[in-house]
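Residue numbers (UniProt numbering): 1 to 57.
Every residue, glycine too, gets a C-beta built ideally from N, C-alpha and C.
Beneath this line is the structure, given in structure tokens, with notes to follow.
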């Protein structure tokens, strides 16, 4: 617990974030920004969401 508290306090840990919230958090961030969140579809699974603007899109 004590190891996570500084990260929680500085906003590095947000708590539970769903797919849409992850998208909203990353949309205005620079390329390469990422977050880890608990999976919506797999119990105990971790999902990586990252920001990458492809010129092909």
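| Check | Outcome |
| --- | --- |
| Start and end residues, beta strand (DSSP E) containing residue 49 | 46-50 |
| C-beta contact flag for residue 33 and residue 19 at 8 angstroms | no |
| Sequence-distant residues of the same chain with beta carbon closer than 8 angstroms to residue 31, five excluded per side | 51, 52 and 53 |
| N- and C-terminal bounds of the beta strand (DSSP E) containing residue 35 | 34-38 |
| Proximity of residue 43 and residue 36 at Cβ, strictly below 8 angstroms | no |
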